[in-house]
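With UniProt numbering as the guide, the letters of the sequence shown map in order to residues 1 to 184.
Virtual Cβ for every residue (Gly too), placed ideally from N, Cα, C.
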Amino acid sequence: MSLRPLTTPWFHAPAGHEKLWLGLALLWCFVMSLMMPYWHFRGKQNSTGEAYAVTPADFLARTEKFVEANRVGTFRNTVEANALVPELPIAEPPPGGDAYITGRMWQWWPALRLRVGETYRLHLSALDLQHGFSLQPLNMNFQVLPGYDHVLTITPTSKGEFTIVCNEFCGIGHHAMTGKIFVE
């Protein structure tokens with residue numbers, strides 16, 4: 001059976017309740033268009049947006065220097081699938097200081113120990129691919145790209161163990177790409 005052209009007009013101008021629904025949809029689009037910039041400036045959910053260009057090698061050197069200066073122990077990674085990274089160093093930055101986390105296939109390195117109520121500058125970057133930094137259970141999400149040092153000013157408000165999950169597919173070991181932030 002072949003398709004035949006229509007012999008009668010198929011389109012009719014909107015009438016009655018169709019006009020009402022089209023008007024409501026356009027009004028809602030207008031309201032949402034205004035809400036996006038409003039919440040960007042008024043809401044407290046946005047990061048500072050601070051970022052700098054950096055080479056992956058330079059960022060790795062900064063992270064390694066940070067770990068050497070602030071290492072306080074090791075964390076045994078219990079994610080069964082992550083046999084590639086059985087242990088992570090735990091680094092504790094000084095209050096008000098800079099903390100570094102590097103994303104690379106298939107790990108977040110190092111683990112951090114932070115203090116409740118203290119403010120830190122968290123530097124995030126990737127060495128190889130785009131990674132998604134998702135801090136659980138808070139559900140804070142950031143895209144981490146190679147070549148950029150993303151700086152977040154954070155102040156932990158509750159104690160606990162927070163898991164960092166990669167939420168951007170980064171290859172065969174993506175499911176095991178986890179890290180930790182301990183808040184005391």
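Following the continuous alpha helix (DSSP H) through residue 185, name the residue where it begins and the one where it ends.
Residue coverage of the chain in this structure runs from 1 to 184, which leaves residue 185 outside it and unanswerable.
Buried or exposed for residue 70, please, with buried defined as at least 16 other CB atoms from any protein chain shown within 10 angstroms of its CB.
Walking along the sequence shown from the start, residue 70 turns up at place 70. With 16 or more other Cβ atoms within 10 Å, it is buried.
I need the DSSP call for residue 77, collapsed to helix, strand or coil.
For the purposes of this step, residue 77 is identified with residue 77 of the sequence shown, where counting begins at 1. Here residue 77 sits in coil by DSSP.
For residue 180, report the span of its beta strand (DSSP E) as first-last.
Here the question's residue 180 lines up with position 180 in the sequence shown. Run containing residue 180: 178 to 183, per the beta strand (DSSP E) assignment.
Determine the closest residue to residue 51 out of 162, 146, 169, with distance taken between C-alpha atoms.
Taking the first residue of the sequence shown as 1, we reach residue 51 at position 51. If we check each option's Cα against that of residue 51, 146 comes out closest.
Could you compute how far the alpha carbon of residue 3 sits from the alpha carbon of residue 140?
Here residue 3 refers to the residue found at position 3 of the sequence shown. Here residue 140 refers to the residue found at position 140 of the sequence shown. Going from the Cα of residue 3 to the Cα of residue 140 covers about 51 angstroms.
For a test of the three-state rule: what should DSSP assign to residue 12, helix, strand or coil?
Your numbering for residue 12 matches position 12 in the sequence shown. Looking at residue 12 - three-state DSSP - the assignment turns out to be coil, as it is neither helix nor strand.
Could you name each continuous beta strand (DSSP E) segment of 3 residues or more that falls completely within the stretch 96 to 174, going from the start of the chain to the end?
Runs found: 98 to 104, 107 to 109, 111 to 114, 120 to 126, 131 to 136, 140 to 144, 148 to 154, 160 to 166.
For residue 95 and residue 183, I'd like the C-alpha separation in whole angstroms.
By one-based count along the sequence shown, residue 95 stands at place 95. By one-based count along the sequence shown, residue 183 stands at place 183. Rounded to whole angstroms, residue 95 to residue 183 spans 12 angstroms at the Cα level.
How would you call residue 114, buried or exposed, if buried means at least 16 neighbouring beta carbons within 10 angstroms?
Counting from 1 along the sequence shown, the entry for residue 114 is found at position 114. Buried, since its Cβ has 16 or more Cβ neighbours within 10 Å.
Check whether the Cβ of residue 15 sits closer than 7 angstroms to any heavy atom of the ligand SAM, and report yes or no.
Ligands are entirely absent from the displayed structure, and the ligand SAM is therefore not among its contents.
Are the CB atoms of residue 108 and residue 172 nearer to each other than 8 angstroms?
Taking the first residue of the sequence shown as position 1, residue 108 is located at position 108. Taking the first residue of the sequence shown as position 1, residue 172 is located at position 172. Contact: no.
Rounding to the nearest angstrom, what Cα-Cα distance links residue 156 and residue 174 in this structure?
The residue you call residue 156 lines up with position 156 of the sequence shown. The residue you call residue 174 lines up with position 174 of the sequence shown. Rounded to whole angstroms, residue 156 to residue 174 spans 27 angstroms at the Cα level.
Could you spell out where the alpha helix (DSSP H) holding residue 56 opens and where it closes?
One-based indexing of the sequence shown puts residue 56 at position 56. It spans 56 to 70 - the alpha helix (DSSP H) in which residue 56 sits, taken as one unbroken run.
Please state whether DSSP places residue 94 in a helix, a strand or coil.
Here residue 94 corresponds to residue number 94 of the sequence shown, with the count starting at 1. Residue state, collapsed to three classes: coil.
Inspect the beta-carbon positions of residue 126 and residue 180 and report whether they are closer than 8 angstroms.
To locate residue 126, count along the sequence shown from 1; it is residue 126. To locate residue 180, count along the sequence shown from 1; it is residue 180. The answer is no: Cβ separation not under 8 angstroms.
Contact defined as beta carbons within less than 8 angstroms: I believe residue 131 pairs with residue 168. What is the distance between those atoms, to the nearest angstrom?
The residue given as residue 131 occupies position 131 in the sequence shown. The residue given as residue 168 occupies position 168 in the sequence shown. Sure, about 5 angstroms apart at Cβ, within 8 angstroms.
Please report the distance separating the alpha-carbon of residue 68 from that of residue 40.
Start at 1 with the first residue of the sequence shown, and residue 68 comes out as number 68. Start at 1 with the first residue of the sequence shown, and residue 40 comes out as number 40. Going from the Cα of residue 68 to the Cα of residue 40 covers about 38 angstroms.
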